[in-house]
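Engineer:
There are 2 protein chains.
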Amino acid sequence: MIEDKNQARTNLSELGEFGLINHLTQNFKIQHKTTIKGVGDDAAVLDMNGLKTLVTTDLLVEGVHFDLSYMPLKHLGYKAVMVNLSDVYAMNGNATQITVSIAVSNRFSLEAIEELYDGIHLACKGYDIDLIGGDTTSSTTGLLISITAIGEVTKENVVYRNTAKEDDLLVVTGDLGASYLGLQVLEREKQVFKVNPNSQPDLTNYSYLIERQLKPESRKDIVKLLKDLEVKPTAMIDISDGLSSEILHICTQSNVGCSLYEEKIPLDPQVISACEEFELNSTTVALSGGEDYELLFTISQEDFPKIKGNPHLTVIGHITNKSKGVNLITRANQQIELTAQGWNALTKKD
Amino acid sequence: MIEDKNQARTNLSELGEFGLINHLTQNFKIQHKTTIKGVGDDAAVLDMNGLKTLVTTDLLVEGVHFDLSYMPLKHLGYKAVMVNLSDVYAMNGNATQITVSIAVSNRFSLEAIEELYDGIHLACKGYDIDLIGGDTTSSTTGLLISITAIGEVTKENVVYRNTAKEDDLLVVTGDLGASYLGLQVLEREKQVFKVNPNSQPDLTNYSYLIERQLKPESRKDIVKLLKDLEVKPTAMIDISDGLSSEILHICTQSNVGCSLYEEKIPLDPQVISACEEFELNSTTVALSGGEDYELLFTISQEDFPKIKGNPHLTVIGHITNKSKGVNLITRANQQIELTAQGWNALTKKD
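First to last, the sequence lines map onto chains B and W. Note that this note's numbering has the first sequence beginning at 1356, numbered continuously upward. Note that this note's numbering has the second sequence beginning at 1356, numbered continuously upward.
1. Can you tell which of B:1383, B:1374, B:1532 and B:1395 has the C-alpha that lies nearest to the C-alpha of residue 1643 of chain B?
2. Using DSSP with H/G/I as helix, E/B as strand and the rest coil, what is residue 1426 of chain W?
3. How far does the beta strand (DSSP E) with residue 1503 of chain B in it extend, from its first residue to its last?
4. Is DSSP giving residue 1513 of chain B helix, strand or coil here?
5. Starting from residue 1629 of chain B, trace the alpha helix (DSSP H) both ways and give me its first and last residue.
6. Let me make sure I understand the geometry here. Which of W:1541, W:1519, W:1577 and W:1364 has the alpha-carbon closest to that of residue 1656 of chain W?
7. So, for residue 1537 of chain W: in the same chain, excluding its five sequence neighbours on each side, which residues have a beta-carbon less than 6 Å away from its beta-carbon?
8. Assuming contact is defined by CB atoms lying nearer than 9 Å, are residue 1456 of chain W and residue 1489 of chain W in contact in what I supplied?
9. Which of the three DSSP states is assigned to residue 1385 of chain B in this structure?
10. Applying the criterion that 16 or more other CB atoms from any shown protein chain within 10 Å of the CB defines a buried residue, is residue 1405 of chain B buried or exposed?
11. To test your reading of the DSSP string, which unbroken alpha helix (DSSP H) runs of 4 or more residues are found completely within the region 1542-1629 of chain B?
12. Go to residue 1661 of chain B, then tell me how far its beta strand (DSSP E) extends in each direction, as first and last residue.
13. Quick one: grab the DSSP three-state call for residue 1470 of chain W.
14. What is the residue span of the alpha helix (DSSP H) that residue 1455 of chain B lies within?
15. Can you check whether the C-beta of residue 1512 of chain W is within less than 9 Å of a C-beta belonging to chain B?
16. What residues in its chain sit with their C-beta under 6 Å from that of residue 1500 of chain W, if we drop five residues either side in the sequence?
17. Please list the terminal residues of the continuous alpha helix (DSSP H) segment that includes residue 1641 of chain W.
18. At what residues does the beta strand (DSSP E) containing residue 1670 of chain W begin and finish?
19. For residue 1402 of chain B, report the span of its beta strand (DSSP E) as first-last.
20. Is DSSP giving residue 1465 of chain B helix, strand or coil here?
21. Locate the beta strand (DSSP E) running through residue 1419 of chain W, then write down its first and last residues.
22. Of all the CB atoms in chain B, is at least one closer than 9 Å to the CB of residue 1419 of chain W?
23. Residue 1411 of chain B by DSSP, collapsed to three states: which one?
24. On the CB-based measure, 16 or more other CB atoms within 10 Å of its CB, does residue 1441 of chain W come out buried or exposed?
25. Listed from N- to C-terminal order along the chain, which residues in the region 1483-1512 of chain W have their beta-carbon within a distance smaller than 7 Å of any beta-carbon of chain B?
26. With 9 Å set as the bound, which would you pick, yes or no: does the beta-carbon of residue 1383 of chain W sit closer than that to a beta-carbon of chain B?
27. Please list the partners that residue 1542 of chain W has in chain B, where partner means a Cβ-to-Cβ separation under 8 Å.
28. Give, in chain order, every residue of the region 1434-1456 of chain W whose Cβ lies closer than 7 Å to some Cβ of chain B.
29. Do residue 1506 of chain W and residue 1411 of chain W have their C-beta atoms within less than 9 Å of each other?
30. State the Cα-Cα distance for the pair residue 1632 of chain B and residue 1647 of chain B, rounded to the nearest angstrom.
31. Rounded to whole angstroms, what is the Cα-Cα separation between residue 1702 of chain W and residue 1661 of chain W?
32. Could you say which of W:1422, W:1573 and W:1542 lies nearest to residue 1530 of chain W if we only look at CA atoms?
33. With 8 Å as the C-beta to C-beta threshold (strictly closer), list the residues of the region 1608-1636 of chain B near chain W in chain order.
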């Protein structure tokens, strides 16, 4: 009726997720003096009578972000909250409230949605979050969850992506790549199950990987730890799309370069053994796997003694002049330019 | 794999949208002293250093909330923003920021999404709103828009749903039922178009109805008007699901009854003529049509002189003791109990 068959047509995947957001929002002007930071960081920052309010939102779509054939609904609810809280912690803030909107097809029963909310409830309890609103509607197909998280941070403590400085140290929390491998294990079991529905998989050797995929935690503890250590990062981001993509965000926005040392990237033993089994390069998995929900941050060198030897924190590189570029220094001491090969929500993984 | 075929199964539509939200959120405890109001009003209310922050969110799903065969994407973007702002104005607040998340299938081109954002941009410009974030992802089918709006209001000015008092006057802004009839006209044209794609519909007689459906405005002007008139409503709600449903929300939550006078319900002449043409009862349309995005509020009787004769405001009834019930007083002076027959997003209209 109103469709113009002759209109220009550009495929969305040509721009990628970040390109698309930038393209669509470039004409929007910030008008309110309460808006300190709009699009472009882990969370938006609003100034409410001096206190900074953080706002972030994420959309999870069945068939794109999760597969209910191996993702229990309770875990999904938990994970959906974690994904959002992680963005608040990445601003060095404290998450306080969430809204949860869901669209569900009639294939879901009330009991199924209760399962989902049980997981959301568990996450709220564990992370001290108030559920303050939302919307519940039907969908023509599948399940969709949209969560907005709200947090607070003082003006002195807020940490952005675009403030890394030359010579700063690059630090990552926890270990990387496990969530991606957990997904590979679950996908493989799904294929096995299709062939033989009576198979009883032994997943003991993959327990950590599967837990990281199905029930990730967000690093509220790190925000507290940094406060206790009296370390304020110079820049911070959470790792949702893979280490490589997040380092590039920090470097591009801070106008700096970076040297990342392959040998320093923290890997769990299960990651190393699963990489051997799946014939995957563990560095590639850490760089591009995504869904780790660890924090990546930079600190000034003088803060190094404060974090040295902390089991939660690993120095994996340092910030350089922009002219040096963003590079991986391999174990063989080769220098390879980093490119974002993170998980792109607009080009569904096979 | 993890599905239990024997589990209990309750259909979601048995509870309805509000029953479902209440059911799912009843176990969630409010823990933060900054959370003044959680689930249960047009928007949540947070206390940020004394200033009240309002947060509200809505999810629009293709095939459930809109039909792209007659809803231009630019209008859809505009309307999606209005739906959310309306909830902020219903708290007597000022909307300041939004986040916009979209899920799109690969059937949409970049140019199509640009159209959508043009509408969002127009709404932001016209209502002085900052776009501060969002998420963009793919969907397996169709288009989905999730918007969260943020606003502010002083402690003195915030108006809830649950504070209407006996003898208060019930007031509505603008006129009702036009949006629903606009939808009926567009649905009819769609059927005509299916039969004869070359038909050129003359929609002049329905221009107001169609505009109310495709490009509704939210009543920011009323919040200002009430301030200018020095009237603070005792309770307020926006009309998204139909007058009947909204009156029941105010009465249930305020623990009062209400008498609504049929002859007072404001109707546009196009509503009256279209109701004749479609053989619909105009009162039923006003009560149950929905998507008006007008404001419904109660004021104390002593404020009546301040609003008397104002062309934007119509007194349509008064609040009674709870024991009297919630009733429509017909033109024939009959008393009929009001039941919510508003638009239920969980039972798709045919």
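The beta-carbon is built from N, C-alpha and C at its ideal position, and this holds for glycine as well.
Structural biologist: In this structure, then:
1. Here residue 1643 of chain B refers to the residue found at position 288 of the first sequence. Nearest C-alpha to residue 1643 of chain B: B:1532.
2. For the purposes of this step, residue 1426 of chain W is taken as residue 71 along the second sequence, with counting starting at 1. Under the three-state reduction of DSSP output, residue 1426 of chain W falls in the coil class, being neither helix nor strand.
3. Here residue 1503 of chain B refers to the residue found at position 148 of the first sequence. Here the beta strand (DSSP E) through residue 1503 of chain B covers 1498-1508.
4. Locating residue 1513 of chain B in the first sequence gives position 158, where the first residue counts as 1. Coil at residue 1513 of chain B, not helix or strand.
5. What you label residue 1629 of chain B is simply residue 274 of the first sequence in a count that begins at 1. Residues 1624-1633.
6. Sequence index remark: in the second sequence, residue 1656 of chain W carries index 301 (1-based). Among W:1541, W:1519, W:1577 and W:1364, the Cα nearest to that of residue 1656 of chain W belongs to W:1519.
7. Numbered from 1 along the second sequence, position 182 holds the residue referred to as residue 1537 of chain W. Answer for residue 1537 of chain W: 1564, 1565, 1567 and 1568, listed in chain order.
8. Mapped onto the second sequence, residue 1456 of chain W falls at position 101. Mapped onto the second sequence, residue 1489 of chain W falls at position 134. Cβ distance < 9 Å, so residue 1456 of chain W and residue 1489 of chain W count as in contact.
9. For the purposes of this step, residue 1385 of chain B is taken as residue 30 along the first sequence, with counting starting at 1. The three-state secondary structure of residue 1385 of chain B, taken from DSSP, is coil.
10. Within the first sequence, numbered from 1, the residue matching residue 1405 of chain B stands at position 50. Result: exposed.
11. Listed in chain order, they are 1562-1569, 1575-1583 and 1598-1609.
12. Residue mapping note: residue 1661 of chain B aligns to position 306 of the first sequence, counting from 1. That residue, residue 1661 of chain B, is in no beta strand (DSSP E); its alpha helix (DSSP H) goes 1659-1662.
13. Position 115 of the second sequence, counted from the first residue, corresponds to residue 1470 of chain W. Helix.
14. For the purposes of this step, residue 1455 of chain B is taken as the residue at position 100 of the first sequence. DSSP places residue 1455 of chain B outside any alpha helix (DSSP H); the residue lies instead in the beta strand (DSSP E), whose first and last residues are 1449-1459.
15. Along the second sequence, read from residue 1 onward, the residue named residue 1512 of chain W stands at position 157. By this cut-off, residue 1512 of chain W is not an interface position.
16. The residue you call residue 1500 of chain W lines up with position 145 of the second sequence. The residues are 1415, 1435 and 1457.
17. Start at 1 with the first residue of the second sequence, and residue 1641 of chain W comes out as number 286. Looking at the DSSP string, the run of the alpha helix (DSSP H) that includes residue 1641 of chain W is 1637-1643.
18. Along the second sequence, one-based indexing puts residue 1670 of chain W at 315. Residues 1668-1675.
19. Taking the first residue of the first sequence as 1, we reach residue 1402 of chain B at position 47. If you look at residue 1402 of chain B, you'll find it in the beta strand (DSSP E) that goes 1399-1403.
20. For this step, residue 1465 of chain B is matched to residue 110 along the first sequence. In the three-state reduction of the DSSP assignment, residue 1465 of chain B falls in the helix class.
21. Position 64 of the second sequence, counted from the start, is the residue given in the question as residue 1419 of chain W. Segment: none, residue 1419 of chain W is in no beta strand (DSSP E) and carries neither H nor E.
22. Here the question's residue 1419 of chain W lines up with position 64 in the second sequence. Interface with chain B (9 Å Cβ-Cβ cutoff): residue 1419 of chain W is included.
23. Counting from 1 along the first sequence, the entry for residue 1411 of chain B is found at position 56. Strand.
24. In the second sequence, counting from the first residue as 1, residue 1441 of chain W sits at position 86. Looking at its Cβ environment, which holds 16 or more other Cβ atoms inside 10 Å, residue 1441 of chain W is buried.
25. Answer set for the region 1483-1512 of chain W: 1483, 1485, 1486, 1487, 1488, 1489, 1490, 1491, 1492, 1493, 1494, 1495, 1496, 1497, 1499, 1501, 1503 and 1505.
26. For the purposes of this step, residue 1383 of chain W is identified with residue 28 of the second sequence, where counting begins at 1. Yes, residue 1383 of chain W counts as interfacial toward chain B.
27. Here residue 1542 of chain W is taken as the residue at index 187 of the second sequence, counted from 1. In chain order: nothing, as chain B lies at least about 11 Å away.
28. Cβ contacts with chain B come from 1451, 1452, 1454 and 1456.
29. Residue mapping note: residue 1506 of chain W aligns to position 151 of the second sequence, counting from 1. Residue mapping note: residue 1411 of chain W aligns to position 56 of the second sequence, counting from 1. A Cβ-Cβ contact shorter than 9 Å links residue 1506 of chain W with residue 1411 of chain W.
30. Within the first sequence, numbered from 1, the residue matching residue 1632 of chain B stands at position 277. Within the first sequence, numbered from 1, the residue matching residue 1647 of chain B stands at position 292. Looking at the two C-alpha atoms, the distance is approximately 20 Å.
31. Locating residue 1702 of chain W in the second sequence gives position 347, counting from the first residue. Locating residue 1661 of chain W in the second sequence gives position 306, counting from the first residue. In this predicted model, residue 1702 of chain W has a pLDDT of only 38, less than 50, meaning its place in the structure is not dependable enough to derive any value.
32. The residue given as residue 1530 of chain W occupies position 175 in the second sequence. Among W:1422, W:1573 and W:1542, the Cα nearest to that of residue 1530 of chain W belongs to W:1573.
33. When CB distances to chain W are screened at a threshold of 8 Å, not a single residue of the region 1608-1636 of chain B falls below it.
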